[in-house]
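K.L.:
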Amino acid sequence: SVLSPAGPAKSKDALKQKVKTLSPGGSTNIYDGLRKGYEQAKATFTKDGVNQVILLSDGMVTAGVEDPNAFNEMASKMADGDIQTTAIGMGMDFDDALMTQIAQSGRGNYHFIKDASEAQGIFAKELGQLTRVVAKAVKLRIVLSDGVDLVRVLGSSELSGKEAAAAKQTEDNIDSKVYEELGIQK
38 SVLSPAGPAK SKDALKQKVK TLSPGGSTNI YDGLRKGYEQ AKATFTKDGV
88 NQVILLSDGM VTAGVEDPNA FNEMASKMAD GDIQTTAIGM GMDFDDALMT
138 QIAQSGRGNY HFIKDASEAQ GIFAKELGQL TRVVAKAVKL RIVLSDGVDL
188 VRVLGSSELS GKEAAAAKQT EDNIDSKVYE ELGIQK
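Counting from 1, position 167 in the sequence shown corresponds to residue 204 in the working numbering; the numbering is continuous, with no gaps.
(1) Should V102 and Q77 be called a contact, given that it needs their Cβ atoms to be closer than 8 angstroms?
(2) List the residues that DSSP assigns as beta-bridge partners of Q37.
(3) I need the DSSP call for G145, collapsed to helix, strand or coil.
(4) Which of the three DSSP states, helix, strand or coil, is assigned to S182?
(5) Which same chain residues end up closer than 6 angstroms to L82 when comparing Cβ atoms and leaving out the 5 residues on each side of it in sequence?
(6) Skipping 5 residues on each side, what residues in its chain have a beta carbon closer than 7 angstroms to that of Q138?
(7) Taking the CB atoms as reference points, tell me whether T123 and G158 lie closer together than 8 angstroms.
(8) In three-state terms, what does DSSP make of M97?
(9) The alpha helix (DSSP H) with T207 in it runs from where to where?
(10) Rank Y68, K79 and A80 by C-alpha distance to the C-alpha of S94 and give the top, closest one.
(11) Just tell me which of G63, M97, A201 and P45 has its CA closest to the CA of V180.
(12) Could you name the residues of the same chain whose beta carbon sits closer than 6 angstroms to that of Y147, not counting the 5 residues immediately before and after it, in chain order?
(13) Pull up the DSSP beta-bridge partners for G126, would you.
Structure (structure tokens):
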């Protein structure tokens, strides 16, 4: 359920009181909880900002969708739509694999906390990072030396030959404009 809809906090004290009402009980339906979180993020989506859902759970699914691939697909789809997912695994007995997968698919961070006393520090760190964003949608081109092979790419995908050529052409065009603006001779 949604205790407070997404948006600016009108009263931080009222919001803190709502959070204090949370307690464990019932079953753990992570999939539908994440879905509701994404709905809230979409409702306040901002193109020029950081849109993020933070999942705090033991990762032990006891109700709803259990298929790890379904979680990966949903988190990945949201990341493609510019909504990242950070996962925080809580407790000494939790599903580390599922929580890590959700964070990776959602292109967010992953944290582990052993109990509730550590939650405030992790949330402060995550939310603090959101206030100091210096770049977004950064593209990085890595040229591997001879004899070095790409093993895998996390949080992104390898470009095809055609995509790499198009990216290289775009880079050359940008470089030419910058050189011209700054009066640099090639």
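Backbone N, C-alpha and C define an ideal beta-carbon position, used for all residues, glycine too. These figures come from a predicted structure and were not determined experimentally.
P.N.:
Quick answer:
(1) No, they are not a contact pair.
(2) A question about residue 37 goes unanswered here, because the residues of the chain that appear run from 38 up to 223.
(3) In this structure, G145 counts as strand in the three-state DSSP scheme.
(4) Coil, per DSSP.
(5) With the sequence shown as reference, residue 82 is identified as Phe, and Leu is not the correct amino acid for it. Same-chain partners within the cutoff: N88.
(6) Answer for Q138: P105, F108 and N109, listed in chain order.
(7) At least 8 angstroms separates the beta-carbon of T123 from that of G158.
(8) It is coil, neither helix nor strand.
(9) Run containing T207: G198 to L219, per the alpha helix (DSSP H) assignment.
(10) Of the candidates Y68, K79 and A80, the residue whose Cα lies closest to the Cα of S94 is Y68.
(11) The shortest Cα separation from V180 among G63, M97, A201 and P45 belongs to A201.
(12) Taken in chain order, the residues that qualify are A124, T137 and A140.
(13) Per DSSP, S94 and F149.
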